[in-house]
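Q: Here it is, the structure in full.
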Amino acid sequence: MLCAECDLLIQNKIIEEGSYLKCPRCGHVLYKQKYNTIIKSLALSITALICFYPAVTEPIMSLSMGGKEQHQNIIEGALVLLKEEHYIVAVLTFMCSLLIPLFRLLLLFYVTLSLSVNYFSPHLFWTFRLYHYMEEWGMLDVYMLGVIVSVVKLSSMAEIQFGFGFWMYAMLLICSIMANNELNHHEVWDRLLAKKKAFQ
Amino acid sequence: MNYYTGKEEGLVLCTECHTIHQFIPDVLMHCNRCGAELNQRKPNSLARTWALLLSSMILFIPANMLDIMNVTYFGQDDPSTIMGGVIVLIQLGSYPVAFVVFVASILVPLFKMFGILMILLSLKYHIDLTDKQRIKMFRVIDFIGRWSMLDIFVISILAALVNISGVAVITAGAGATAFSVVVVLTILAANSFDTRLLWDYKKLRS
Ligand SMILES: [Zn+2]
Ligand SMILES: [Zn+2]
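Going down the list, the sequences are from chains A and B. Counting in our numbering, the first sequence runs without a single skipped number right up to 1178 at its last residue. Counting in our numbering, the second sequence runs without a single skipped number right up to 215 at its last residue.
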């Protein structure tokens, strides 16, 4: 076995179920002995995908100020910035808070579903690689904190109410974090490699 | 204890699917299991990290000097910079939120740029930091980097929500673009750094 973070050569060791193997030199987790994570991840990704639609289309919050009211969902937020010609900010916000999280959930759903129903295609390998690549660009958690900060900032000049979209976004956030943490990548790769051998 | 690395043994690890392959020099190798590109070390890791880091440091200046947003409240303009936004929050008395914004948009980017700089300089000039310190620092940097996007998200939420003409209008400023590019550059800089170099350099010296 080789450590991905310090390239240390390590003799294979037997690990107990439920435990980790850590690199003796840098402390990187080399292998997780945790199974049956795929089906749980599949269930969580389905729940997250169900929450996605209302999270995006329902207003995150509504604001009333000077007798006027305004509602806002995420897509409209990005559109306003585009109109003001802040292209980079608009595109980044749209990608990180919406497009990439959605795309990652779809990829996760596809991979976990395929493994659960015994379907195999060579696409699954790059699908799962892509899922891993985009990990830090999905920023549901940061966006959620952004919503809370915005509410505090506005509290002095207007009345704010959280919309249905806010609670759906919170659900979406929790489900996708859990789906991501639950999944043991080593198990996915092991299963994919076994499938590939069986199909050859 | 004597450590051997995969590179010394002529092996290469697929960082995607964790399989080990025999390394063939001077050939662009792909993993025969998952198809990912195989490299013993990330190509041009140090040069790329330096370039991205220096660009982010230069852009950090306009990001802090220019206005990130403008609040028009009953016809009166009130542009503010990143630090200005924090001060407004303090004046409102929301200390926890002011602290969060200050950490996410000023401390984190500074710590991140300074940390990567330290690691790069310590490799270049053989400053003695232990590997444990370096890798710990790098892991912290890698983890916190994305949280700097907080202020950008806040601006885009505010700009979208507060758009009641005649009463209050919030628009993003040029500083927001600069700042978002800084965040992206620092994330890319951390990604292009290959942590395995930390141990390679140590071995070179001893
Ligand atoms: Zn290691
Ligand atoms: Zn591979």
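Note that the Cβ used here is the ideal one computed from N, Cα and C, for glycine as well.
Looking at chain A, is there any beta carbon in it that lies within less than 7 Å of the beta carbon of Thr139(B)?
A: Locating residue 139(B) in the second sequence gives position 130, where the first residue counts as 1. Thr139(B) does not count as touching chain A.
Q: So, Arg155(B) versus Glu1114(A), is the Cβ gap smaller than 7 Å?
A: Position 146 of the second sequence, counted from the first residue, corresponds to residue 155(B). Position 136 of the first sequence, counted from the first residue, corresponds to residue 1114(A). Yes, the pair counts as a contact, with Cβ atoms nearer than the cut-off.
Q: Where Trp1145(A) and Ala1033(A) are concerned, what is the direct C-alpha to C-alpha distance, given to the nearest angstrom?
A: Indexing the first sequence from 1 puts residue 1145(A) at position 167. Indexing the first sequence from 1 puts residue 1033(A) at position 55. Looking at the two C-alpha atoms, the distance is approximately 8 Å.
Q: Can you grab the Cα-Cα spacing for the pair Gly1005(A) / Gly94(B), in whole Å?
A: Taking the first sequence and counting its residues from 1, the one referred to as residue 1005(A) is at position 27. Taking the second sequence and counting its residues from 1, the one referred to as residue 94(B) is at position 85. In a straight line, the C-alpha of Gly1005(A) is about 39 Å away from that of Gly94(B).
Q: Going by CA-CA distance only, name the one from Leu987(A), Leu1008(A), Lys1173(A) and Gln989(A) that's closest to Ser1094(A).
A: Here residue 1094(A) refers to the residue found at position 116 when the first sequence is read from its first residue. With distances taken between Cα atoms, Ser1094(A) lies closest to Lys1173(A).
Q: Counting along the chain, where does the beta strand (DSSP E) carrying Ile29(B) start and finish?
A: Mapped onto the second sequence, residue 29(B) falls at position 20. Unbroken beta strand (DSSP E) run through Ile29(B): Ile29 to Gln31.
Q: Residues in the same chain with beta-carbon distance under 7 Å from Leu231(B), minus the five sequence neighbours each way, listed in chain order, please.
A: Absent from the structure is residue 231(B), since the part of chain B shown begins at 10 and ends at 215.
Q: Is Ala45(B) near ligand 2, in the sense that its beta carbon is under 6 Å from a heavy atom of that ligand?
A: Within the second sequence, residue 45(B) is the residue found at index 36, counting from 1. Correct: Ala45(B) has its Cβ closer than 6 Å to ligand 2.
Q: Against Ala982(A), what residues of chain B qualify as contacts under a CB-to-CB distance less than 7 Å, listed in chain order?
A: Counting from 1 along the first sequence, the entry for residue 982(A) is found at position 4. Correct list: Leu22 and Thr24.
Q: Return the residue from the list His1164(A), Tyr1121(A) and Lys1131(A) that minimises the CA-CA distance to Val1151(A).
A: As a working note, residue 1151(A) is residue 173 in the first sequence. Here residue 1151(A) is Leu; the residue named in the question, Val, does not match the sequence. Considering only alpha carbons, the answer is Tyr1121(A).
Q: What residues of chain B sit near Glu1062(A), judged by a beta carbon separation below 9 Å?
A: The residue given as residue 1062(A) occupies position 84 in the first sequence. Ala168, Thr180 and Ala181, listed in chain order.
Q: In three-state DSSP terms, what is Thr1025(A)?
A: Here residue 1025(A) corresponds to residue number 47 of the first sequence, with the count starting at 1. Helix.
Q: Let me see if you follow: with CB-CB separation under 7 Å, is Trp1167(A) close to chain B or not?
A: In the first sequence, residue 1167(A) corresponds to position 189, counting from 1. By this cut-off, Trp1167(A) is an interface position.
Q: Does the Cβ of Ala1068(A) have 16 or more other Cβ atoms within 10 Å, making it buried, or fewer, making it exposed?
A: On the first sequence, position 90 is the one that residue 1068(A) refers to. With 16 or more Cβ atoms within 10 Å of its Cβ, Ala1068(A) is classed as buried.
Q: Within 7 Å of any Cβ in chain A, is that where the Cβ of Arg42(B) sits?
A: Here residue 42(B) refers to the residue found at position 33 of the second sequence. Cβ-Cβ to chain A under 7 Å: yes for Arg42(B).
Q: So that I know if they touch, is there some Cβ in chain A lying closer than 7 Å to that of Thr14(B)?
A: The residue labelled residue 14(B) in the question sits at position 5 within the second sequence. True, the Cβ-Cβ gap to chain A drops below 7 Å.
Q: Rounded to whole angstroms, how far is the Cβ of His1164(A) from the Cβ of His27(B), which I believe are closer than 8 Å?
A: Position 186 of the first sequence, counted from the start, is the residue given in the question as residue 1164(A). Position 18 of the second sequence, counted from the start, is the residue given in the question as residue 27(B). About 7 Å separates the two Cβ atoms, so the contact holds.
Q: If you run the structure through DSSP and keep just helix, strand and coil, what is Val109(B)?
A: Indexing the second sequence from 1 puts residue 109(B) at position 100. Three-state DSSP puts Val109(B) in a helix.
Q: Less than 7 Å between the C-beta atoms of Ala1026(A) and Leu1084(A), yes or no?
A: Within the first sequence, residue 1026(A) is the residue found at index 48, counting from 1. Within the first sequence, residue 1084(A) is the residue found at index 106, counting from 1. In this structure, Leu1084(A) does not lie closer than 7 Å to Ala1026(A) by Cβ.
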